[in-house]
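**Student:**
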Amino acid sequence: MSAFIDKMRRRAGRYLDVRPVDIRPSRGIMSLSFDDIPASAWTEAGPTLAEHGVKATYYVCGGLAGGRNLDLPQFEVEHLQALHAAGHEVGCHTYEHVSTLTLSPAELDASLARNAAWVAERLDGYEIQTFAYPFGDCALASKPVIERRFLCGRGVRDGVNRARADRNLLQAIGLESRRLPGYDLKALVEETAASKGWLIAYGHDVGDAPTPYGCRPDDIDRLIRLAKAADLDILPVAAAWRMTTS
Ligand SMILES: [Zn+2]
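Here my numbering is used: the first residue of the sequence shown is 1, the next is one more, and so on.
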């Protein structure tokens, strides 16, 4: 029963209280992002990003620092500081990595405030500007909270953002080994270029033997090469947001 109710609640978050934003950049954009974040999203993906001169967005949960999630070692504070120093964006993914379906708006706001303070303390007052929903779960009542605190929020529903996208629930494709075989990445980046849209990708762990939620460095390399060949701008989420909506 509760699985059914959660499904209905996810559907409400998806279809109701939509805040349309006109996504019309002068040329197509791609953003890469990593959630949680497993240590390998920095140690393994960082060199690939650097090789291409690409900046990504890392959606961080302060409460996961130095711990384990899905049996993977998570980032250490030094990783966060290094990726920030390298020019990547740090985004918010709640403090405890908890679904918004389980939180009241006040509890969600408290988790976001805690995460913001945790990050600011470790990154010299840095202000987080964008959000990704843990598990892609967007409770309807969470949307105004996200809108108050962030430029935009990102879910995990497949698709290219364009024209009237929901600023509090942007779509994204999974750089996940369980999902990658189902995508035609070349067609997706070409569609993004042709429609002047915004393609967001998200992943978790990165390595040659990724979990179902992770990908290989080669997958990232290939997607970046395809995006460059299609002449997409590749920008972190906050920078892309500014470019798409200005
Ligand atoms: Zn997550």
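Note that the Cβ used here is the ideal one computed from N, Cα and C, for glycine as well.
#1: So for residue 221, helix, strand or coil by DSSP?
#2: Please specify which runs of the alpha helix (DSSP H), each continuous and at least 4 residues long, are wholly inside the region 129-197, giving them in chain order.
#3: For residue 127 and residue 144, I'd like the C-alpha separation in whole angstroms.
#4: Would you say residue 91 and residue 43 are within 7 Å of each other, going by their C-beta atoms?
#5: Closest to residue 48 by CA distance: which of 239, 231 and 207 is it?
#6: Is the region 237-246 touching the region 60-80 in the sense that three or more CB pairs, one from each, lie closer than 8 Å?
#7: Check for me: the alpha helix (DSSP H) holding residue 49 runs from which residue to which?
#8: Rounded C-beta distance between residue 130 and residue 151? I'm assuming under 8 Å.
#9: Is it right to say residue 89 is buried, meaning 16 or more other beta carbons lie within 10 angstroms of its own, or is it exposed?
#10: Candidates 157, 164, 68 and 116: which alpha carbon is nearest residue 179's?
#11: Write down every uninterrupted run of the alpha helix (DSSP H) in the region 58-108 whose length is 4 residues or greater and which is fully enclosed by it, in chain order.
**Tutor:** Let's see:
#1: Your numbering for residue 221 matches position 221 in the sequence shown. Assigned with DSSP and collapsed to three states, residue 221 falls in helix.
#2: For the region 129-197, whole alpha helix (DSSP H) runs of length 4 or above, ordered along the chain, are 143-149 and 185-195.
#3: Your numbering for residue 127 matches position 127 in the sequence shown. Your numbering for residue 144 matches position 144 in the sequence shown. Just so you know, the alpha carbons of residue 127 and residue 144 end up roughly 19 Å apart.
#4: Numbered from 1 along the sequence shown, position 91 holds the residue referred to as residue 91. Numbered from 1 along the sequence shown, position 43 holds the residue referred to as residue 43. Going by C-beta atoms, residue 91 is not nearer than 7 Å to residue 43.
#5: The count along the sequence shown starts at 1 and reaches residue 48 at position 48. Its Cα nearest to that of residue 48, the residue 207 stands out among 239, 231 and 207.
#6: Taking 8 Å as the limit for Cβ pairs, the verdict is that the region 237-246 does not touch the region 60-80.
#7: The sequence position of residue 49 within the sequence shown is 49, counting from 1. For residue 49, the enclosing alpha helix (DSSP H) begins and ends at 45-52.
#8: By 1-based counting over the sequence shown, the position of residue 130 is 130. By 1-based counting over the sequence shown, the position of residue 151 is 151. Between residue 130 and residue 151 a beta carbon distance of about 6 Å is seen, short of the 8 Å cut, so the two are scored as contacting.
#9: Taking the sequence shown and counting its residues from 1, the one referred to as residue 89 is at position 89. Counting Cβ neighbours within 10 Å, residue 89 comes out buried, since at least 16 surround it.
#10: Here residue 179 refers to the residue found at position 179 of the sequence shown. Nearest in C-alpha terms to residue 179, of all of 157, 164, 68 and 116, is 157.
#11: With a minimum length of 4 residues, the continuous alpha helix (DSSP H) runs that stay inside the region 58-108 are 77-85.
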